[in-house]
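Please read the structure below before turning to the comments.
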Amino acid sequence: MESLKLTNIVKRFGDLTVLDGLSVELPLTGITFVVGKSGSGKSVLCRLAVGLLKPDEGTVELLGERVDQLPERRLVALRARVPYLVQGPALLDWLTLEANVALAGKGSANPSRVSRALEQMGLHALKDRFPPQVGPGIRKRTAIARALVLEPTCLLLDEPTTGLDLVAAGQVNEALEAVRAAGLGAVVVSHDYAALERLADRVVEVRQGAIGYQGGKTGFLNAPK
2 MESLKLTNIV KRFGDLTVLD GLSVELPLTG ITFVVGKSGS GKSVLCRLAV GLLKPDEGTV
62 ELLGERVDQL PERRLVALRA RVPYLVQGPA LLDWLTLEAN VALAGKGSAN PSRVSRALEQ
122 MGLHALKDRF PPQVGPGIRK RTAIARALVL EPTCLLLDEP TTGLDLVAAG QVNEALEAVR
182 AAGLGAVVVS HDYAALERLA DRVVEVRQGA IGYQGGKTGF LNAPK
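Per the numbering used here, residue 2 is the first one in the sequence shown, and the count goes up by one each step.
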C-alpha cells in the first residue's frame with residue numbers, strides 16, 4: 002500500500018514541543034483531512050512528510066522511502082510525486098494561468114499534460130487570463146493544476162480554503178472532487194468542517210502532539226468536542 006507513515010515523531014521548535022511521540026500511517030488514496038487546533042502541528046506533519054522539516058526523533062516514510070534520511074536531490078524527485086501546496090497559490094502575476102501551470106517541472110512541462118490539467122480543473126476557458134484578473138478560488142485551482150502536471154500520486158494541501166469566501170471555497174472543493182475522480186489521493190490540512198463533511202474519506206485529528214482520532218468522518222463529526 003502506498004502510504005505516508007510517521008513513527009514516534011518528536012518535533013521541537015526551541016523549548017516548544019509540537020509533536021510528541023506521534024505515530025500514524027495514512028494511505029495515499031481518497032481524501033484524508035488532518036484537523037486539530039491552531040498550533041497543534043498539522044502543517045508540521047505535512048512538512049515532515051516531504052522533508053521540508055526533519056524530526057528530532059522518529060522516522061518518516063513516504064511511498065516506501067525514508068524521507069528523514071534522503072538527500073535533497075532525492076527529496077526533489079519525491080516531492081514531484083507528492084507535491085505540497087502551501088496556503089497561498091504562489092502564482093506569478095505577470096504570467097497567464099496556462100504559463101503558470103506550465104512552470105511545473107521547471108518550465109519544461111509537456112504541453113499535453115498542461116492542457117489536460119487545465120481541463121481537469123475547469124480552467125481551459127480562462128487559460129489566457131492573468132492571476133490578478135481572476136478570483137482566489139480560480140488562483141488556487143491553478144496551483145492545483147500546476148501540481149497535476151507532475152502526474153503525482155497524491156497531493157498535500159495546507160489549508161486550501163482558509164481566507165476564501167463561500168464561492169471561492171466551493172471552487173476549491175470542486176477541484177478536490179476532480180482530483181479524487183482522477184484517481185489521485187489528497188491529504189488536506191484544514192479547519193473547514195463543511196469541506197470535511199463533503200469530501201473526507203477519513204479524518205486524522207492531531208491533539209496535544211499525538212493522534213487524538215483516526216477513522217471515518219461520521220465518527221469524528223459525532224464525537225463529543
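Glycine included, C-beta positions come from ideal geometry on N, C-alpha and C.
Just to confirm the assignment, what range does the beta strand (DSSP E) spanning residue i have?
i      : result
Pro28  : Leu17 to Pro28
Ser4   : Ser4 to Phe14
Ala91  : No beta strand (DSSP E) holds Ala91; DSSP gives it neither H nor E.
Gly213 : Ala211 to Gly216
Just list the residues that DSSP pairs residue i with in beta bridges.
i      : result
Ala187 : Ile32 and Leu156
Val61  : Leu7
Arg208 : Ala211
Tyr85  : Leu157
Arg203 : Thr33
Please state whether the Cβ-Cβ distance between residue i and residue j is less than 8 Å.
i      : j      : result
Val87  : Asp159 : yes
Leu167 : Arg142 : no
Ala169 : Pro137 : yes
Gly217 : Arg203 : yes
Leu301 : Val102 : Lying outside 2 to 226, the shown extent of the chain, residue 301 is not represented and no answer is given.
Gly52  : Leu20  : no
Val190 : Val68  : no
What do you get for residue i, buried or exposed, if any count of 16 or more other CB atoms within 10 angstroms of its CB means buried?
i      : result
Pro72  : exposed
Phe14  : exposed
Asn174 : buried
Leu93  : exposed
Is the Cβ of residue i closer than 8 Å to any Cβ of chain B?
i     : result
Ser24 : Checking the listed chains, one finds no chain B in this structure; it contains a single protein chain.
Got a sec? Which residues, its chain only, sit under 7 Å from residue i by beta carbon, not counting five neighbours each side?
i      : result
Thr30  : Gly186
Leu151 : Ala81, Pro84, Ala105 and Gly106
Taking the alpha helix (DSSP H) that residue i falls in, what are its first and last residues?
i      : result
Val180 : Leu167 to Ala182
Ser41  : Ser41 -> no alpha helix (DSSP H), and no H or E assigned at all.
Val51  : Here Val51 belongs to no alpha helix (DSSP H), and DSSP marks it neither H nor E.
Pro137 : Pro137 to Leu149
Gln70  : Note, Gln70: premise wrong, no alpha helix (DSSP H); not H, not E.
Ala118 : Pro112 to Gln121
Ala100 : Leu98 to Val102
Can you name, in chain order, every residue of its own chain whose Cβ lies under 6 Å from the Cβ of residue i, other than the five neighbours on each side?
i     : result
Glu33 : Reading off the sequence shown, one finds Thr at residue 33, where the question assumed Glu. Same-chain partners within the cutoff: Leu27, Val188 and Arg203.
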